[in-house]
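Chemist: Our numbering applies: residue 254 is where the sequence shown begins, and numbers increase by one.
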Amino acid sequence: MTIRDNPDLVLPKGSPILVTGATGYIAANVIFEALEAGYRASTTDVDGALDEAARDVDAIIHVATPTSWSSDPREVVGPPVQGVVSILNSALKEPRVKRFVYTSSSVAATLAKPNEKFKIDRNLWNTGVNAYATQKGDPYLVYSASKVKSELALWEFVKEHQPVFVVNIVGLPGLLPRILYHLAKHLKVVPDFNTDQVFIKGSWTSRMIIHMYEGKTDLTAATLPQPIINVIDDARLHLITAVEGTVLNERIVALAYPYGWSDILDVFRELRPRRRFPENNLELGRGLSEVDNALGVELLKEWYGQESCTGQIKEGIIQNLDGVA
């Protein structure tokens, strides 16, 4: 399935799109969807020559972000904030750039709150982590502060400079991944980036699912449940907001459905009944938040003909276990 032809398309197929951070999992999937839809994709890393990379492209999808998981905000907060401002400045110099999409995170809106009912929408901000932008602390909280500060820096830039290009933000939580072994056939279109981590190991999220499948609990025991989304939908939302003309300076909540670790273990047992798995004693609660994801669902329906987000948690796990004994 690929993006539909639509009168609201402002970037015709064949247009060049810059996607930063292609050695990362999300960016690789965005590139895949862009190529499948007939767009040309180029890439650079977060430390690359941004002015040169932004030249002669019609849209920029900024996914790259440092993820050192340090407790020091000087290492975690400063670089991504500077990176966002730098690539926005590069885009500002190029009159050809029409659209700019930034990958945010659910932690810019809220931390995971298992077993607590609350609403997540475009107006929610995770202000409780602001102190960790300047003081050392738990790496997860410092990282969360980096996403808040990066997104705020973007909106402040837009307010100050009033760029001619449209800026949209796609915020996401954990991802149910797909492993893109078959993307190698497109590599001639996306030169000069390393494919090893993306196509062989997948993302931290995919390793987390596989670790649980293999009986390892080091990653899962420290990860609180929150709403998740299939990476296919996430990548498609990035592409849609880069090429269509009705979503203007929007903050899109890219969350699909909640989960608990017991749900995942139950699916494992259903899919592989002869294999032994850990007991459901790792339950860290359930994500009970009410997510206002209506805009994302509407865009997926309009541009890809999807009635909802891709599958449910079972379908995502099946994709994770493809090729795993």
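By construction, the Cβ of each residue, glycine as well, lies at the ideal position given by its N, Cα and C atoms.
#1: Which residues does DSSP list as the beta-bridge partners of H315?
#2: Would you report the Cα separation of L364 and S397, rounded to the nearest angstrom?
#3: Since A294 sits in a beta bridge, which residues does DSSP pair it with?
#4: Could you check how far apart the C-beta atoms of L377 and I313 are, in whole angstroms? I think they sit under 8 Å.
#5: Do the region 536-546 and the region 478-489 touch if we need at least three Cβ pairs shorter than 8 Å?
#6: Enumerate, from N- to C-terminal direction, the unbroken alpha helix (DSSP H) stretches of 4 or more residues contained entirely within the region 476-511.
#7: Identify the continuous beta strand (DSSP E) that holds V419 and give its terminal residues.
#8: Based on Cα-Cα distance, which residue from Q559, K400 and E286 lies nearest to V330?
#9: In this structure, does DSSP put K366 in helix, strand or coil?
#10: Using a Cβ distance threshold of 8 Å, determine whether the region 416-423 contacts the region 498-508, with at least three qualifying pairs required.
#11: By Cβ distance, which residues of its chain are closer than 6 Å to V354, with the 5 residues on each side in sequence left out?
#12: Classify I256 as helix, strand or coil using the three-state DSSP reduction.
#13: Run through the DSSP bridge pairs and tell me what E543 is partnered with.
#14: Along the alpha helix (DSSP H) that carries W322, what are the first and last residues, could you check?
#15: Throw me the rounded Cβ distance for the V506 and R352 pair, which I believe falls under 8 Å.
#16: For V337 and G381, what's the separation of their Cα atoms in angstroms?
#17: What residues are listed by DSSP as bridge partners for F407?
#18: Taking the continuous alpha helix (DSSP H) assigned at R522, which residues delimit it?
Modeler: Quick answer:
#1: The count along the sequence shown starts at 1 and reaches residue 315 at position 62. Paired residue(s): Y355.
#2: Start at 1 with the first residue of the sequence shown, and residue 364 comes out as number 111. Start at 1 with the first residue of the sequence shown, and residue 397 comes out as number 144. Roughly 8 Å between the two C-alpha positions.
#3: For the purposes of this step, residue 294 is identified with residue 41 of the sequence shown, where counting begins at 1. Per DSSP, I270.
#4: As a working mapping, residue 377 is identified with position 124 in the sequence shown. As a working mapping, residue 313 is identified with position 60 in the sequence shown. Not a contact, Cβ separation roughly 26 Å.
#5: yes
#6: 484-496
#7: The residue labelled residue 419 in the question sits at position 166 within the sequence shown. Its beta strand (DSSP E) spans residues V419 to G424.
#8: If you number the sequence shown from 1, residue 330 lands on position 77. Measuring from the Cα of V330, the nearest candidate turns out to be K400.
#9: By one-based count along the sequence shown, residue 366 stands at place 113. Reduced to three states, the DSSP call for K366 is coil.
#10: yes
#11: As a first step, residue 354 must be located in the sequence shown, where it is residue number 101. Result list for V354: I314, N421, H491, T494 and A495, in chain order.
#12: Counted from its first residue, the sequence shown places residue 256 at position 3. Coil at I256, not helix or strand.
#13: Walking along the sequence shown from the start, residue 543 turns up at place 290. According to DSSP, which records beta bridges pairwise, E543 is partnered with K372.
#14: By one-based count along the sequence shown, residue 322 stands at place 69. Segment: none, W322 is in no alpha helix (DSSP H) and carries neither H nor E.
#15: Within the sequence shown, numbered from 1, the residue matching residue 506 stands at position 253. Within the sequence shown, numbered from 1, the residue matching residue 352 stands at position 99. With a Cβ gap of about 19 Å, V506 and R352 do not count as contacting.
#16: Against the sequence shown, residue 337 aligns to sequence position 84. Against the sequence shown, residue 381 aligns to sequence position 128. Rounded to whole angstroms, V337 to G381 spans 22 Å at the Cα level.
#17: For the purposes of this step, residue 407 is taken as residue 154 along the sequence shown, with counting starting at 1. One point to set straight first is that residue 407 is Leu, not Phe, in the sequence displayed. Answer is none; L407 lacks a bridge partner.
#18: As a working note, residue 522 is residue 269 in the sequence shown. Per DSSP, R522 belongs to the alpha helix (DSSP H) from W514 to L524.
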